[in-house]
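K.L.:
Quick one: this structure, given as structure tokens, is what I'll be asking you about.
Residue numbers (the working numbering): 13 to 386.
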């Protein structure tokens with residue numbers, strides 16, 4: 013009995029030696045693809061401007077560590093947890109990145125005075141907003157895209173409203189240019205907080221190393237100032253109120269003292285009981301106003317001490333320094349990565365051309381079924 017052979021038997025998977033022979037037979041193709049890939053990628057990467065990175069690290073003083081620590085320690089001995097002021101703080105360190113992402117904080121960076129490290133244009137000092145608007149380098153394809161877009165949109169552009177200046181910042185309604193700069197700051201200024209140690213890390217990326225360090229230092233100062241204003245806001249309001257009470261109490265005391273001195277001098281030689289009684293009343297009034305004045309003065313001292321107590325302290329773990337080496341782009345790694353991808357793609361095309369690529373996608377189950385059927 014003659015068995016009929018299966019004509020749909022899948023091709024046998026090639027060996028490494030056969031694949032190597034395929035690659036060797038088409039090696040001239042590599043001599044064309046790899047140099048062209050290197051030239052194209054090198055041209056593209058050289059068009060991307062260098063950028064630098066400056067990192068600042070801060071360790072904030074948590075408010076819960078400054079007050080009620082003694083009472084909390086005593087209560088913990090009895091199994092009572094009084095909590096800490098950290099939970100009452102609306103601005104916990106984990107919210108600092110959201111704070112720095114706000115439009116108000118980003119626009120507060122616009123007036124920073126910066127100066128480029130190697131300035132050849134003659135402009136010694138400018139605002140950070142002017143620098144981001146006029147002095148940013150871009151790859152040629154970005155410039156070409158912007159030029160084409162501006163030409164296409166030119167007929168639809170309206171007239172610029174008079175009286176609207178770019179220097180004036182209205183966070184409620186930004187201009188298009190201001191909104192573009194604010195969006196660019198999201199990539200240039202980044203804040204991160206370690207949830208375990210609460211260490212604040214501020215990363216600033218810029219094309220100029222000096223501006224990178226200046227902006228990082230300014231962002232650190234503005235963040236500390238904002239947090240300090242927030243933490244001491246209530247204490248400063250109380251201080252201003254106590255200053256007002258102190259000024260009023262002092263004025264009343266001075267007025268009562270002057271009245272007493274005036275009447276005491278005028279009736280110094282008078283022995284009538286009515287005059288002496290009137291002097292005594294003025295003296296009592298002066299004493300009352302003096303007591304009130306003394307109490308308000310003591311409250312004023314306590315309010316000043318409260319502001320100092322509520323002022324948070326920051327420990328700078330890593331200050332802002334001008335970076336020496338660039339942070340990117342890594343042109344060598346990019347070229348190597350694309351050369352590797354070009355080599356893989358060329359090899360896959362060669363193996364497919366020789367008919368050795370399809371067997372790699374056939375499953376082992378199909379081969380076993382075909383063998384059993386045969």
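Ideal Cβ placement from N, Cα and C applies to all residues, glycine included. Model, not experiment: these values are computed from the prediction.
Would you mind stating whether residue 217 and residue 202 have Cβ atoms separated by less than 9 Å?
P.N.:
Contact: yes.
K.L.:
Below 8 Å, can you find three or more Cβ-Cβ pairs linking the region 40-56 to the region 191-207?
P.N.:
Judged by Cβ distances under 8 Å, the region 40-56 makes no contact with the region 191-207, as fewer than three pairs qualify.
K.L.:
Considering only residues of the region 187-245, which uninterrupted alpha helix (DSSP H) runs meet the minimum length of 4 residues and lie entirely inside it, listed in chain order?
P.N.:
The region 187-245 contains these whole alpha helix (DSSP H) runs: 188-200 and 221-243.
K.L.:
For residue 126, count neighbouring C-beta atoms within 10 Å of its own C-beta (all shown protein chains included) and say buried if the count is 16 or more, exposed if not.
P.N.:
Result: buried.
K.L.:
Whole angstroms are fine: how far does the CA of residue 239 sit from the CA of residue 264?
P.N.:
Taking the straight line from one Cα to the other gives about 38 Å.
K.L.:
For a test of the three-state rule: what should DSSP assign to residue 70, helix, strand or coil?
P.N.:
Reduced to three states, the DSSP call for residue 70 is strand.
K.L.:
Taking its Cβ as the centre, do 16 or more other Cβ atoms sit within 10 Å of residue 312, making it buried, or is it exposed?
P.N.:
With 16 or more other Cβ atoms within 10 Å, it is buried.
K.L.:
Looking at C-beta atoms only, is the number of pairs between the region 291-298 and the region 320-332 that lie closer than 8 Å three or more?
P.N.:
Verdict: no, contact absent.
K.L.:
Looking at the secondary structure, which residues open and close the alpha helix (DSSP H) in which residue 33 lies?
P.N.:
First-last of the alpha helix (DSSP H) with residue 33: 28-37.
K.L.:
How about residue 120 and residue 234: are their beta carbons less than 9 Å apart?
P.N.:
Yes.
K.L.:
In whole angstroms, what separates the C-alpha of residue 5 from that of residue 105?
P.N.:
The first residue shown for the chain is 13 and the last is 386, placing residue 5 beyond what the model contains.
K.L.:
May I ask which residues mark the beginning and end of the alpha helix (DSSP H) holding residue 358?
P.N.:
Run containing residue 358: 343-365, per the alpha helix (DSSP H) assignment.
K.L.:
Quick check: residue 335 and residue 212, are their CB atoms within less than 9 Å of each other?
P.N.:
Not closer than 9 Å, so no.
K.L.:
Please return the same chain residues whose Cβ sits closer than 7 Å to the Cβ of residue 309, not counting the five positions on each side in sequence.
P.N.:
Cβ within range, chain order: 258.
K.L.:
For the beta strand (DSSP E) that residue 333 lies in, which residues bound it at each end?
P.N.:
Taken as a continuous stretch (DSSP letters only), residue 333 belongs to no beta strand (DSSP E), as it is neither H nor E.
K.L.:
From residue 158 to residue 65, what distance separates their C-alpha atoms?
P.N.:
Going from the Cα of residue 158 to the Cα of residue 65 covers about 26 Å.
K.L.:
Using 8 Å for Cβ pairs, my map puts residue 145 next to residue 193. What's the rounded Cβ distance?
P.N.:
Correct: roughly 6 Å between the Cβ atoms.
K.L.:
Cutting at 6 Å between CB atoms, please list the residues of its own chain near residue 227, excluding the five before and the five after it.
P.N.:
Answer for residue 227: 216, listed in chain order.
K.L.:
Taking residue 322 and residue 247 to be in contact with their CB atoms under 8 Å, please state how far apart those CB atoms are, rounded to whole angstroms.
P.N.:
Right, their Cβ atoms sit about 5 Å apart.
K.L.:
Going straight from the alpha carbon of residue 124 to that of residue 185, what length do you get?
P.N.:
The straight-line gap from Cα to Cα measures roughly 21 Å.
K.L.:
Put residue 145 into one of helix, strand or coil per three-state DSSP.
P.N.:
In this structure, residue 145 counts as helix in the three-state DSSP scheme.
K.L.:
Can the beta-carbon of residue 222 be found less than 9 Å from the beta-carbon of residue 128?
P.N.:
A contact, by the Cβ cut-off of 9 Å.
K.L.:
Would you give the residue range spanned by the alpha helix (DSSP H) that residue 339 belongs to?
P.N.:
Note, residue 339: premise wrong, no alpha helix (DSSP H); not H, not E.
K.L.:
Give a yes or no on whether the C-beta atoms belonging to residue 110 and residue 366 are separated by under 9 Å.
P.N.:
No, Cβ-Cβ distance for residue 110 and residue 366 is not below 9 Å.
K.L.:
Among all the DSSP beta bridges, which residues are the ones paired with residue 52?
P.N.:
BP columns for residue 52 are empty, so no partner.
K.L.:
Check this for me: beta carbons of residue 356 and residue 38, under 9 Å apart or not?
P.N.:
Not closer than 9 Å, so no.
K.L.:
Taking DSSP as the reference, what is the three-state secondary structure of residue 60?
P.N.:
Correct three-state label for residue 60: coil.
K.L.:
Verify whether the separation of the beta carbon atoms of residue 12 and residue 139 is less than 9 Å.
P.N.:
Limits of the chain in this structure are 13 at one end and 386 at the other, which puts residue 12 out of reach.
K.L.:
Buried or exposed for residue 53, please, with buried defined as at least 16 other CB atoms from any protein chain shown within 10 angstroms of its CB.
P.N.:
Flag for residue 53 reads buried.
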